[in-house]
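Each position in the sequence shown, counted from 1, maps to that position plus 2 in the working numbering. We put the CB at the ideal spot given by N, CA and C, even for glycine.
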Amino acid sequence: MAQPTPPLANALLKCFSDFYLDANEPVRALVLASDTGAVPIDKLLTVDVVARLGPSQQEIDKAVVEFCASKLEIVDHAVRRVKPYIHNKTIELDDWSIYVENLKGQYNTIDKIRDLFTEHVGLVSFARFPSDQQGVARANGMCFVEFNDKEHAQVAIDMFNSFDDHTLEYSTNEKDPTSQQLRVMSKQRYNEFEREYLEIKERDAATIKGIWSKHNQQNEQQESASNVPVKAPGKRKRGSTDANGEADAQPAKKTRDDDTATKIYPRHIIALVDHIHPKTTKTSLTALLKQSGASVAFVKYKKGLTRTHVRMASEDDTDKLVAFFESNHLAQTAGNDTKGTKKDAPSMETITVRALEGKEEEIYWEAENWKPTK
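Spelled out as structure tokens, the structure:
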């Protein structure tokens, strides 16, 4: 039978709890006065919840070591929290936190998410929604949750996660009390995915920059070639020779093609499709897109990617495809999903489609080594 926690240990745990520190400015000041958050034991003896018990320094040492080791520790005659205390917290502590994706329905507020994980796992000390591209934190099926106890992060993953990172498929997790197919991972794992994403984004940016640089160089060369002055032939008659006995060079005859240096590309038939399932195939993706009623000419897709370009049969087909996915918020939940799951609103998991225009469209065709017909 577990030994009951003595009053002194309970008092110490209360004194260093988030709730107590947030509400008690004098004790909070003691914690924040040290870079490590350690409070000297002689000062701790003056705190009301501890002082009323009249303990000695040795008794505090014993209570921390025997009953509070998972939460507190003794360092140089001072007591500090194992979990760092952050006042007015705006972001979670990685080692105590999880990332949750695909939350639906009623779980659209921080309070409801706190209640869910506190009830089934353990005390939640902090939760937040990630910010969208506009910098606004809103409920979109994703959140970060920080627990009071570090071990509860793994408990939550085991209980709620239904996503396999190897197969990239959802399954049914019988332990999940929400009966939803959630993707749950540690904050450290989320950070790894974020770093990988940023590296890919950086490489893509470098590739695009290189294409732009090549494009600009070609334009400069074309402009330079068209601006080379032609030397006047002087007053000698056509066909006469110069002082070296060589015939005069005649200026090249200007053709219509010289006035039309701009290449002509097919317009408004390339669409960028985003948020597709990374395990899908060209066949599945094509079937999914054809639900729009638009004619898809070519799908350029490599398994593992979540976005790709598709070539439509006509401009009208491009407009039809874009309009369909603007009004139908579909998420491709598996690699072989050819229908999509309808969502109430657009989110990071719903498919988006937009047409390439202007320079972006021109760069696409140059990357494809398009040879226009003259």
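Legend entry - Supposed close pair residue 279, residue 334 - CB separation, criterion 8 Å: As a first step, residue 279 is located in the sequence shown; it is residue number 277 there, counting from the start. As a first step, residue 334 is located in the sequence shown; it is residue number 332 there, counting from the start. Correct: roughly 4 Å between the Cβ atoms.
Legend entry - Closest by C-alpha distance to residue 171, when choosing among 67, 289, 208, 337: Indexing the sequence shown from 1 puts residue 171 at position 169. Nearest C-alpha to residue 171: 337.
Legend entry - Beta-ladder partner(s) of residue 184, from DSSP: As a position in the sequence shown, residue 184 is number 182, starting the count at 1. Bridge partners of residue 184: 163.
Legend entry - Integer Cβ distance of residue 217 from residue 365, believed to fall under 8 Å: Counting from one through the sequence shown, the residue named residue 217 turns up at place 215. Counting from one through the sequence shown, the residue named residue 365 turns up at place 363. 7 Å between Cβ atoms; contact.
Inset, instruction - State whether the region 52-65 contacts the region 155-162, with contact taken as three or more CB pairs (one from each stretch) at a distance under 8 Å. - result: no
Legend entry - Test item: CB-CB of residue 9 and residue 55 under 8 Å: As a working note, residue 9 is residue 7 in the sequence shown. As a working note, residue 55 is residue 53 in the sequence shown. The answer is yes: Cβ separation under 8 Å.
Legend entry - Secondary structure, beta strand (DSSP E): runs of 3+ residues fully inside the region 43-103: 74-76, 80-83, 99-103
Legend entry - Backbone CA spacing between residue 274 and residue 316 [nearest angstrom]: Counted from its first residue, the sequence shown places residue 274 at position 272. Counted from its first residue, the sequence shown places residue 316 at position 314. Rounded to whole angstroms, residue 274 to residue 316 spans 15 Å at the Cα level.
Legend entry - Euclidean distance between Cα positions of residue 94 and residue 371: Residue 94 sits at position 92 when you count from the first residue of the sequence shown. Residue 371 sits at position 369 when you count from the first residue of the sequence shown. Cα-Cα distance, rounded: 47 Å.
Legend entry - Own chain partners of residue 307 with C-beta closer than 6 Å, once the 5 adjacent residues on each side are dropped: Taking the first residue of the sequence shown as position 1, residue 307 is located at position 305. Around residue 307: no qualifying Cβ.
Legend entry - Residue from 46, 215, 25 with nearest C-alpha to residue 379: There is no way to answer for residue 379, as the model of the chain reaches only from 3 to 376.
Inset, instruction - Please say whether residue 325 and residue 314 have beta carbons closer to each other than 8 Å? - result: Numbered from 1 along the sequence shown, position 312 holds the residue referred to as residue 314. Numbered from 1 along the sequence shown, position 323 holds the residue referred to as residue 325. Cβ atoms of residue 314 and residue 325: not closer than 8 Å.
Legend entry - Proximity below 8 Å, CB of residue 146 to CB of residue 101: Position 144 of the sequence shown, counting from 1, holds the residue named residue 146. Position 99 of the sequence shown, counting from 1, holds the residue named residue 101. The answer is yes: Cβ separation under 8 Å.
Legend entry - beta strand (DSSP E) segment containing residue 276, residue limits: Within the sequence shown, residue 276 is the residue found at index 274, counting from 1. From DSSP, the beta strand (DSSP E) with residue 276 extends over 272-276.
Legend entry - Whole-Å CB distance - residue 84 paired with residue 72, under 8 Å assumed: Counting from one through the sequence shown, the residue named residue 84 turns up at place 82. Counting from one through the sequence shown, the residue named residue 72 turns up at place 70. Yes, they are in contact, since the Cβ atoms of residue 84 and residue 72 sit about 7 Å apart, within 8 Å.
Inset, instruction - Can you check DSSP and say which residues form a bridge with residue 355? - result: Residue 355 sits at position 353 when you count from the first residue of the sequence shown. Under DSSP, the beta-bridge partners assigned to residue 355 are 275.
Legend entry - Inter-residue spacing [alpha-carbon to alpha-carbon] between residue 213 and residue 225: Here the question's residue 213 lines up with position 211 in the sequence shown. Here the question's residue 225 lines up with position 223 in the sequence shown. Cα to Cα, residue 213 sits roughly 18 Å from residue 225.
Inset, instruction - Measure the Cβ-Cβ separation of residue 184 and residue 103 and say whether it is below 8 Å. - result: Locating residue 184 in the sequence shown gives position 182, where the first residue counts as 1. Locating residue 103 in the sequence shown gives position 101, where the first residue counts as 1. In contact: residue 184 and residue 103 (Cβ atoms closer than 8 Å).
Inset, instruction - Could you tell me the boundaries of the beta strand (DSSP E) in which residue 301 lies? - result: Looking up residue 301 in the sequence shown gives position 299. Residues 298-302.
Inset, instruction - For residue 343, count neighbouring Cβ atoms within 10 angstroms of its own Cβ and tell me buried if that reaches 16, exposed if not. - result: Taking the first residue of the sequence shown as position 1, residue 343 is located at position 341. The residue in question, residue 343, is exposed, as its Cβ has fewer than 16 Cβ neighbours within 10 Å.
Legend entry - Helix, strand or coil at residue 127 according to DSSP, with G and I counted as helix: Here residue 127 is taken as the residue at index 125 of the sequence shown, counted from 1. In the structure shown, residue 127 adopts extended strand secondary structure according to DSSP, grouped into three states.
Inset, instruction - In the DSSP assignment, find the beta strand (DSSP E) that holds residue 312 and state where it starts and stops. - result: Walking along the sequence shown from the start, residue 312 turns up at place 310. Where residue 312 is concerned, the enclosing beta strand (DSSP E) stretches over 309-314.
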